[in-house]
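Count along the sequence shown starting at 1, add 228, and that's the number in our numbering.
Cβ coordinates follow ideal geometry from the N, Cα and C atoms, glycine included.
Beneath this line is the structure, given in structure tokens, with notes to follow.
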Amino acid sequence: VQRLATTAKSFGMDMQLLSPDEVKKMWPLMETGDLVGASWLPTDGQASPSDITQSLAKGARIHGAKLFEEVRVTGFDMKDGRITAVKTDKGDIACDKVVNCAGQWARQVGAMAGINVPLQPVKHQYIITEKIEGLATDAPTIRDPDRRTYFKEEVGGLVMGGYEPNPQAWTTGDVPNDWEF
Numbered sequence: 229v230q231r232l233a234t235t236a237k238s239f240g241m242d243m244q245l246l247s248p249d250e251v252k253k254m255w256p257l258m259e260t261g262d263l264v265g266a267s268w269l270p271t272d273g274q275a276s277p278s279d280i281t282q283s284l285a286k287g288a289r290i291h292g293a294k295l296f297e298e299v300r301v302t303g304f305d306m307k308d309g310r311i312t313a314v315k316t317d318k319g320d321i322a323c324d325k326v327v328n329c330a331g332q333w334a335r336q337v338g339a340m341a342g343i344n345v346p347l348q349p350v351k352h353q354y355i356i357t358e359k360i361e362g363l364a365t366d367a368p369t370i371r372d373p374d375r376r377t378y379f380k381e382e383v384g385g386l387v388m389g390g391y392e393p394n395p396q397a398w399t400t401g402d403v404p405n406d407w408e409f
């Protein structure tokens with residue numbers, strides 16, 4: 229933990245070392261009897277991907293961007309190495325700029341324009357519990373790098389997941405093309 233904190237500080241991050249008692253105050257439900265210590269980043273945070281997406285979309289619209297939803301990109305018209313139009317299943321859209329917002333399909337969409345997007349979706353499993361009494365909504369995310377696990381509060385319950393050392397690639401071929409949130 230000390231090495232991690234030293235490395236973080238060398239990058240200008242305010243990582244603090246905590247005693248088991250300090251951890252217990254942040255996470256009263258945590259068993260800290262076998263804990264030696266922990267690190268904490270006060271500036272660490274989490275955000276809702278859906279909320280961020282909607283905020284970015286709103287900002288883009290305010291600045292003149294046009295967003296098209298429920299439209300499948302089928303290719304691009306190119307001139308001198310630049311995209312001049314997006315080909316879709318609902319017609320072509322002339323443009324000066326394109327933002328690839330295809331998420332897990334970004335690599336495939338980029339390839340249509342001859343661009344390599346270094347992205348590979350991987351399978352990840354986690355569980356979400358029912359509401360847990362006594363769980364603070366502002367509790368920091370817990371990461372246990374030795375056991376490759378994380379825990380965080382989510383709508384009054386707990387999300388628990390793991391970081392797989394060799395995650396299985398998720399080929400997007402098994403996700404229907406019309407899948408959406």
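Pairwise C-alpha distance: L363 and L257: The residue labelled residue 257 in the question sits at position 29 within the sequence shown. The residue labelled residue 363 in the question sits at position 135 within the sequence shown. Rounded to the nearest angstrom, the two C-alpha atoms are 7 angstroms apart.
Pairwise C-alpha distance: K237 and K411: Residue 411 lies beyond the residue range present for the chain, which begins at 229 and ends at 409; the question has no answer from this structure.
Pairwise C-alpha distance: Y391 and R371: Here residue 371 is taken as the residue at index 143 of the sequence shown, counted from 1. Here residue 391 is taken as the residue at index 163 of the sequence shown, counted from 1. Those two C-alpha atoms are separated by around 10 angstroms.
Bridge partner(s) assigned by DSSP for F304: Your numbering for residue 304 matches position 76 in the sequence shown. Note: F304 sits in a beta bridge opposite V314.
Extent of the continuous beta strand (DSSP E) to which R371 belongs: Reading the sequence shown from its first residue, position 143 is the one you call residue 371. That run of the beta strand (DSSP E) goes 370-372.
Range covered by the alpha helix (DSSP H) that runs through Q274: Locating residue 274 in the sequence shown gives position 46, counting from the first residue. Looking at the DSSP string, Q274 is not in any alpha helix (DSSP H), and its letter there is neither H nor E.
Heavy atom of the ligand SAM within 7 angstroms of R310 beta-carbon: The ligand SAM is not among the ligands present in this structure, which contains no ligands whatsoever.
Residue range of the alpha helix (DSSP H) that includes Q230: For this step, residue 230 is matched to residue 2 along the sequence shown. Where Q230 is concerned, the enclosing alpha helix (DSSP H) stretches over 230-238.
At least three beta-carbon pairs within less than 8 angstroms, the region 368-388 to the region 316-324: no
Alpha-carbon spacing of K315 relative to W333, whole angstroms: Here residue 315 refers to the residue found at position 87 when the sequence shown is read from its first residue. Here residue 333 refers to the residue found at position 105 when the sequence shown is read from its first residue. Between K315 and W333, the C-alpha separation is close to 16 angstroms.
Beta-carbon gap between A357 and G385 smaller than 8 angstroms: Translated into positions along the sequence shown, residue 357 becomes position 129. Translated into positions along the sequence shown, residue 385 becomes position 157. First, the residue type needs correcting, since residue 357 is Thr and not Ala in the sequence shown. Cβ atoms of T357 and G385: closer than 8 angstroms.
Touching by the beta-carbon criterion (3+ pairs, under 8 angstroms), the region 304-314 and the region 325-343: yes
Any 3 or more C-beta pairs closer than 8 angstroms across the region 238-245 and the region 267-287: yes
With 16 other Cβ atoms within 10 Å as the buried cut-off, status of E381: On the sequence shown, position 153 is the one that residue 381 refers to. Looking at its Cβ environment, which holds 16 or more other Cβ atoms inside 10 Å, E381 is buried.
Environment of F379 [buried if 16+ CB atoms lie within 10 Å]: Within the sequence shown, numbered from 1, the residue matching residue 379 stands at position 151. By the 10 Å Cβ count, F379 comes out buried.
Proximity to H352 [Cα-Cα], best of N328, N394, L284, T235: The count along the sequence shown starts at 1 and reaches residue 352 at position 124. The shortest C-alpha separation from H352 is found at N394.
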